[in-house]
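Peer 1:
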Amino acid sequence: MASRSRPLRDLLPWLTCLAMLAAIYLVFVAAPSEREQGVVQRIFYFHVGAAWMAFAGFALVAIASLWFLARGDRRADRLALANAEVGMLFTTIVLVTGPIWARPVWGVWWTWDPRLTMTVVLWTIYAAYLMLRRLGGGDEALGRYAAVLGIVGALDVPLIIVSIRLWRGIHPAVMLAKEPDAGLKDPTMKIALLVSGLALALLFTWLVSLRMRLQKVDDELARLNLEATPRMR
Amino acid sequence: MNGLDFLAAAYSAIWLIIFAYLLSLWRRSARLERELDELRRGEQPSTRAG
Numbered sequence: 000m001a002s003r004s005r006p007l008r009d010l011l012p013w014l015t016c017l018a019m020l021a022a023i024y025l026v027f028v029a030a031p032s033e034r035e036q037g038v039v040q041r042i043f044y045f046h047v048g049a050a051w052m053a054f055a056g057f058a059l060v061a062i063a064s065l066w067f068l069a070r071g072d073r074r075a076d077r078l079a080l081a082n083a084e085v086g087m088l089f090t091t092i093v094l095v096t097g098p099i100w101a102r103p104v105w106g107v108w109w110t111w112d113p114r115l116t117m118t119v120v121l122w123t124i125y126a127a128y129l130m131l132r133r134l135g136g137g138d139e140a141l142g143r144y145a146a147v148l149g150i151v152g153a154l155d156v157p158l159i160i161v162s163i164r165l166w167r168g169i170h171p172a173v174m175l176a177k178e179p180d181a182g183l184k185d186p187t188m189k190i191a192l193l194v195s196g197l198a199l200a201l202l203f204t205w206l207v208s209l210r211m212r213l214q215k216v217d218d219e220l221a222r223l224n225l226e227a228t229p230r231m232r
Numbered sequence: 000m001n002g003l004d005f006l007a008a009a010y011s012a013i014w015l016i017i018f019a020y021l022l023s024l025w026r027r028s029a030r031l032e033r034e035l036d037e038l039r040r041g042e043q044p045s046t047r048a049g
């Protein structure tokens, strides 16, 4: 199993670099600027790609946490923790690039639009999840509470996605736009978005695999420490 | 600030966040390696946080 997965694991950083270079070329050189927003619209490609990956990561937290609660599988617990941490990283990217894009387009850095507000709620829920995991250490009960929080937090993701239709906020729905002048009209823009999404998906997978490996060593070390402690006394 | 400044700020922030996370992973990995070495030498590791 380990020998079969190793070539893919070694290849992942290189594939990520290649996809990133292609994405950067498409975003900054090949794709045209949007007519109304100008050059600043190019923030969109990584902003949206990061949001997609954060949402996918939190969905995986919920699935892995359910598996951990049902079967007590430590690998599922490690998968949940790694996805939560990298998902938080990508949500931070969304929350930082959003205001930088909003300032020249909306004239304000931030507004309490439903989608923006619920994204902050999502970030806060998983910050609490990670704090619980960190404070709990190897405590079994706290690990289970954290798993429940990981599942509840993921319920915010579909709400964020449908918030544009449910409540009329000012956040643009570029992908769902039906107006003739709105959305991604040029095919290169769509390719740039897809390649950016792919590059961020590869980066996400690589970071999750690194974080899982780190957690595995940490768990092993905790076990060895427990075994070593009576011998030292 | 013009559009190009905002674009540069956004992509600089993205790479800064990613590299800061990679650095934190590398530091945590180095700490675990050190603790493993201490354990192999039969010493009690100094810290067990995170």
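Here the protein sequences line up with chains A and B, keeping their order.
If you read the first sequence in numbering that gives the first Met the number 0, its first letter stands for residue 0, the second for the next number, and so on.
If you read the second sequence in numbering that gives the first Met the number 0, its first letter stands for residue 0, the second for the next number, and so on.
The beta-carbon is built from N, C-alpha and C at its ideal position, and this holds for glycine as well.
1) Whole-angstrom Cβ separation of residue 143 of chain A and residue 68 of chain A, contact assumed at under 8 Å?
2) By Cβ distance, which residues of its chain are closer than 7 Å to residue 96 of chain A, with the 5 residues on each side in sequence left out?
3) Given 8 Å as the limit, is there contact between the stretch 157 to 165 of chain A and the stretch 78 to 95 of chain A, that is, 3 or more CB pairs closer than that?
4) Specify whether the stretch 13 to 20 of chain B and the stretch 112 to 127 of chain A touch according to this definition: at least 3 beta carbon pairs, one from each stretch, less than 8 Å apart.
5) Which residues in chain A have a C-beta closer than 7 Å to the C-beta of residue 18 of chain B? List them in chain order.
6) Quick one: residues in its chain with C-beta nearer than 8 Å to the C-beta of residue 31 of chain A, no 5 flanking neighbours on either side, listed in chain order?
7) Could you pull the start and end residues of the alpha helix (DSSP H) that residue 36 of chain B belongs to?
8) Nearest to residue 192 of chain A by alpha carbon, out of A:8, A:149, A:25, A:125?
9) Distance check for residue 15 of chain A and residue 8 of chain B, CA to CA, integer angstroms please.
10) Run down chain A in chain order and give the residues with a C-beta less than 7 Å from the C-beta of residue 24 of chain B.
11) Would you tell me roughly how many angstroms separate the C-alpha atoms of residue 221 of chain A and residue 108 of chain A, rounded to the nearest one?
12) I need the DSSP call for residue 106 of chain A, collapsed to helix, strand or coil.
13) For the stretch 82 to 114 of chain A, which residues have a CB atom closer than 7 Å to at least one CB atom of chain B, in sequence order?
14) Express the C-alpha separation of residue 37 of chain A and residue 147 of chain A in angstroms, rounding to a whole number.
15) For the stretch 37 to 68 of chain A, which residues have a beta carbon sitting closer than 9 Å to at least one beta carbon of chain B?
16) Taking C-beta pairs closer than 7 Å, name the residues in chain B that residue 119 of chain A reaches, listed in chain order.
17) Give the single residue among A:218, A:202, A:209 whose Cα lies nearest to the Cα of residue 234 of chain A.
18) Mind pulling the beta strand (DSSP E) runs of 3 or more residues that sit fully within the stretch 127 to 197 of chain A?
19) What residue does the alpha helix (DSSP H) around residue 277 of chain A start on, and which one ends it?
20) Please state whether the Cβ-Cβ distance between residue 225 of chain A and residue 150 of chain A is less than 8 Å.
21) Any beta carbon of chain B sitting closer than 8 Å to that of residue 18 of chain A?
22) Between the Cα of residue 7 of chain A and the Cα atoms of A:209, A:84, A:190, which residue gives the shortest distance?
23) Out of curiosity, what's the CA-to-CA distance linking residue 48 of chain A and residue 74 of chain A?
24) Just to check my reading of the structure: residue 21 of chain A and residue 194 of chain A have Cβ atoms closer than 8 Å, yes? What is that Cβ distance to the nearest angstrom?
25) Quick one: grab the DSSP three-state call for residue 35 of chain A.
Peer 2: Based on what the coordinates show:
1) The residue given as residue 143 of chain A occupies position 144 in the first sequence. The residue given as residue 68 of chain A occupies position 69 in the first sequence. With 8 Å as the limit, residue 143 of chain A and residue 68 of chain A qualify as a contact, their Cβ atoms being about 6 Å apart.
2) By one-based count along the first sequence, residue 96 of chain A stands at place 97. Within the same chain, residue 96 of chain A has close Cβ partners 42, 45, 46.
3) no
4) no
5) Start at 1 with the first residue of the second sequence, and residue 18 of chain B comes out as number 19. Within 7 Å Cβ-Cβ: nothing; residue 18 of chain B doesn't reach chain A, min ~11 Å.
6) Counting from 1 along the first sequence, the entry for residue 31 of chain A is found at position 32. If we look at residue 31 of chain A and ignore the five residues flanking it on each side, its Cβ neighbours are 185, 187, 188.
7) Position 37 of the second sequence, counted from the first residue, corresponds to residue 36 of chain B. 2 to 39 is the extent of the alpha helix (DSSP H) around residue 36 of chain B.
8) Numbered from 1 along the first sequence, position 193 holds the residue referred to as residue 192 of chain A. Looking at the Cα atoms, A:25 is the closest of the given residues.
9) In the second sequence, counting from the first residue as 1, residue 8 of chain B sits at position 9. In the first sequence, counting from the first residue as 1, residue 15 of chain A sits at position 16. If you take the alpha carbons of residue 8 of chain B and residue 15 of chain A, they lie about 22 Å apart.
10) As a working mapping, residue 24 of chain B is identified with position 25 in the second sequence. Going along chain A in sequence order, the residues near residue 24 of chain B (Cβ under 7 Å) are 209, 210, 213.
11) Walking along the first sequence from the start, residue 221 of chain A turns up at place 222. Walking along the first sequence from the start, residue 108 of chain A turns up at place 109. Using only the alpha carbons, I get a separation of about 44 Å.
12) One-based indexing of the first sequence puts residue 106 of chain A at position 107. Here residue 106 of chain A carries a coil assignment [DSSP, helix/strand/coil].
13) For the stretch 82 to 114 of chain A, the residues whose beta carbon sits under 7 Å from a beta carbon of chain B are, in order, 88, 91, 92, 95, 96, 99, 100, 102, 103.
14) As a first step, residue 147 of chain A must be located in the first sequence, where it is residue number 148. As a first step, residue 37 of chain A must be located in the first sequence, where it is residue number 38. Their Cα atoms are separated by approximately 44 Å.
15) 37, 38, 39, 40, 41, 42, 45, 46, 49
16) Here residue 119 of chain A is taken as the residue at index 120 of the first sequence, counted from 1. Those do not exist, as residue 119 of chain A stays about 17 Å from chain B at its closest Cβ, beyond 7 Å.
17) Because chain A is modelled from 0 through 232, residue 234 of chain A falls outside the range shown and cannot be assessed.
18) List check, beta strand (DSSP E) in window: nothing returned.
19) In the structure as shown, chain A starts at 0 and stops at 232, and residue 277 of chain A therefore has no counterpart that could be examined.
20) Within the first sequence, residue 225 of chain A is the residue found at index 226, counting from 1. Within the first sequence, residue 150 of chain A is the residue found at index 151, counting from 1. One thing to note: residue 225 of chain A has its Cβ no nearer than 8 Å to the Cβ of residue 150 of chain A.
21) Within the first sequence, the letter at position 19 stands for residue 18 of chain A. It does not; no Cβ of chain B falls within 8 Å.
22) Here the question's residue 7 of chain A lines up with position 8 in the first sequence. With distances taken between Cα atoms, residue 7 of chain A lies closest to A:209.
23) Here residue 48 of chain A refers to the residue found at position 49 of the first sequence. Here residue 74 of chain A refers to the residue found at position 75 of the first sequence. Going from the Cα of residue 48 of chain A to the Cα of residue 74 of chain A covers about 27 Å.
24) As a first step, residue 21 of chain A is located in the first sequence; it is residue number 22 there, counting from the start. As a first step, residue 194 of chain A is located in the first sequence; it is residue number 195 there, counting from the start. About 5 Å separates the two Cβ atoms, so the contact holds.
25) Residue numbering aside, residue 35 of chain A sits at position 36 when the first sequence is read from its first letter. Of the three classes helix, strand and coil, the one that applies to residue 35 of chain A here is coil, per DSSP.
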